[in-house]
Amino acid sequence: SQQGEEDPQALSIQEGENATMNCSYKTSINNLQWYRQNSGRGLVHLILIRSNEREKHSGRLRVTLDTSKKSSSLLITASRAADTASYFCATISGSEKLVFGKGTKLTVNP
Amino acid sequence: DGGITQSPKYLFRKEGQNVTLSCEQNLNHDAMYWYRQDPGQGLRLIYYSQIVNDFQKGDIAEGYSVSREKKESFPLTVTSAQKNPTAFYLCASSAERSINTGELFFGEGSRLTVL
Numbered sequence: 168s169q170q171g172e173e174d175p176q177a178l179s180i181q182e183g184e185n186a187t188m189n190c191s192y193k194t195s196i197n198n199l200q201w202y203r204q205n206s207g208r209g210l211v212h213l214i215l216i217r218s219n220e221r222e223k224h225s226g227r228l229r230v231t232l233d234t235s236k237k238s239s240s241l242l243i244t245a246s247r248a249a250d251t252a253s254y255f256c257a258t259i260s261g262s263e264k265l266v267f268g269k270g271t272k273l274t275v276n277p
Numbered sequence: 020d021g022g023i024t025q026s027p028k029y030l031f032r033k034e035g036q037n038v039t040l041s042c043e044q045n046l047n048h049d050a051m052y053w054y055r056q057d058p059g060q061g062l063r064l065i066y067y068s069q070i071v072n073d074f075q076k077g078d079i080a081e082g083y084s085v086s087r088e089k090k091e092s093f094p095l096t097v098t099s100a101q102k103n104p105t106a107f108y109l110c111a112s113s114a115e116r117s118i119n120t121g122e123l124f125f126g127e128g129s130r131l132t133v134l
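As they're listed, the protein sequences go chains A and B. Residues in the first sequence are numbered from 168 upward in steps of one, following the numbering used here. Residues in the second sequence are numbered from 20 upward in steps of one, following the numbering used here.
Here it is, written out as C-alpha cells:
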C-alpha cells in the first residue's frame, strides 16, 4: 500500500543549484520522514517532521509540510555532486508501519 | 562501531532453494524490519518485530519467514514458495517499539538473484 508519491521521478541539475522534491500522500499522518539512498546501498535517514510542524531545517536541507494539501517538500540548497542519490519520503498514519514512496532520483552534474 | 550488518551482500540461488539472509544489529534497538526493493520502486514491508519472540506480517509476507530469538538478530528466509524472489532486501531497526517516534536505521542490503 503506497502512501507517499514523490515528484518528479527524476531530476538533473548542475552543482550549486537548488533541488526541490515533493511528496504527496493520501491519508492523515503522524509524521513524515525523508531518506536518501545512494545507488546499491541502504537508506539513510535525513529528517523527520511531525504533523504539527510546518518547517524544519538540517544543514543544507529544508523540509516543509502542508497537512491541508497533504504534501511535503524537500529542498537541498547549493547542491553538490555527492548529493546524487534517490530520495524517498515515508509516512506513518496510525499503524506501526512506515510506508515509502517510489523516490526521486537526483543527479547533480559537476 | 554501532550499526546494522547484513550478509551476504550478494547471493545467487537456484529455483526451488530456500535461502536465509542475515541481519544483526548492535544498536540495542527493540524493533527490526525487513523490506524488499525492486528496481525503480519504493520499499515494501515483508515482516517486522517489535520485541524478541514476536513478529508481525507486513504487506508482502507470502513466501518469506522470519525468527526473532535474540534482540540483536532478525534473519529472513526466502522460501521456494516466493515466486519472484530476485530483489534487493533491506533490514532496518528502530530504537522505539513504535516507529511513530523515530527514524529507521538501515543495513547495506542483500541482493538476491535467482538463476
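Note that the Cβ used here is the ideal one computed from N, Cα and C, for glycine as well. Please read these numbers as outputs of a predicted model, since none were measured by experiment.
Along the stretch 61-83 of chain B, what residues have a CB closer than 9 Å to any CB found in chain A? Gly61, Leu62, Arg63, Leu64, Tyr67, Gln69, Gln75, Gly77 and Asp78
Those residues which DSSP pairs with asparagine 185 of chain A across a bridge: Taking the first residue of the first sequence as 1, we reach residue 185 of chain A at position 18. Asparagine 185 of chain A pairs with nothing; no bridge assigned.
Between the C-alpha atoms of arginine 260 of chain A and proline 94 of chain B, what's the straight-line distance to the nearest angstrom? Start at 1 with the first residue of the first sequence, and residue 260 of chain A comes out as number 93. Start at 1 with the first residue of the second sequence, and residue 94 of chain B comes out as number 75. In the sequence as presented, arginine is not what sits at residue 260 of chain A; that position holds serine. Roughly 27 Å separates the two Cα atoms.
Mind pulling the chain A residues with CB within less than 8 Å of serine 46 of chain B? Counting from one through the second sequence, the residue named residue 46 of chain B turns up at place 27. In the sequence on display, residue 46 of chain B carries leucine and not serine. Chain A residues near leucine 46 of chain B: none, gap ~13 Å exceeds 8 Å.
Taking 9 Å as the threshold (beta carbon to beta carbon), is tyrosine 254 of chain A in contact with chain B? The residue labelled residue 254 of chain A in the question sits at position 87 within the first sequence. Answer no: the Cβ-Cβ gap between tyrosine 254 of chain A and chain B never drops below 9 Å.
Say whether chain B places a C-beta atom closer than 9 Å to the C-beta of valine 230 of chain A. For this step, residue 230 of chain A is matched to residue 63 along the first sequence. No, because no Cβ of chain B sits closer than 9 Å to the Cβ of valine 230 of chain A.
Since glutamate 182 of chain A and arginine 229 of chain A are thought to touch, with beta carbons under 8 Å apart, how far apart are those beta carbons, to the nearest angstrom? Position 15 of the first sequence holds residue 182 of chain A. Position 62 of the first sequence holds residue 229 of chain A. With a Cβ gap of about 18 Å, glutamate 182 of chain A and arginine 229 of chain A do not count as contacting.
I need the straight-line Cα distance from glutamine 56 of chain B to glutamine 36 of chain B, nearest angstrom please. Taking the second sequence and counting its residues from 1, one reaches residue 56 of chain B at position 37. Taking the second sequence and counting its residues from 1, one reaches residue 36 of chain B at position 17. Rounded to whole angstroms, glutamine 56 of chain B to glutamine 36 of chain B spans 21 Å at the Cα level.
Neighbour-count burial assignment, glutamine 25 of chain B, 16 or more Cβ in a 10 Å radius: By 1-based counting over the second sequence, the position of residue 25 of chain B is 6. Glutamine 25 of chain B is buried by the Cβ-count criterion.
9 Å Cβ cut-off: residues of chain A touching phenylalanine 125 of chain B: Here the question's residue 125 of chain B lines up with position 106 in the second sequence. Those are Tyr202, Gln204, Arg208, Gly209, Leu210, Val211 and His212, listed as they occur along chain A.
Can you grab the Cα-Cα spacing for the pair proline 104 of chain B / glycine 268 of chain A, in whole Å? Against the second sequence, residue 104 of chain B aligns to sequence position 85. Against the first sequence, residue 268 of chain A aligns to sequence position 101. If you take the alpha carbons of proline 104 of chain B and glycine 268 of chain A, they lie about 21 Å apart.
Can you give me the Cβ contacts of glutamate 222 of chain A inside the same chain, cut-off strictly under 6 Å, excluding the 5 residues immediately before and after it? In the first sequence, counting from the first residue as 1, residue 222 of chain A sits at position 55. Correct list, in chain order: Thr231.
Return the chain-ordered ranges of every beta strand (DSSP E) run that is complete within the stretch 213-264 of chain A and spans a minimum of 3 residues. 222-225, 228-233, 238-243 and 252-259
In chain order, what residues of the same chain have a beta carbon less than 6 Å from the beta carbon of leucine 123 of chain B, not counting five sequence neighbours either side? Taking the second sequence and counting its residues from 1, the one referred to as residue 123 of chain B is at position 104. Contacts found: Ala111 and Ser113.
Does the beta carbon of leucine 199 of chain A sit closer than 9 Å to a beta carbon anywhere in chain B? Within the first sequence, numbered from 1, the residue matching residue 199 of chain A stands at position 32. With 9 Å as the cut-off, leucine 199 of chain A does not count as an interface residue toward chain B.
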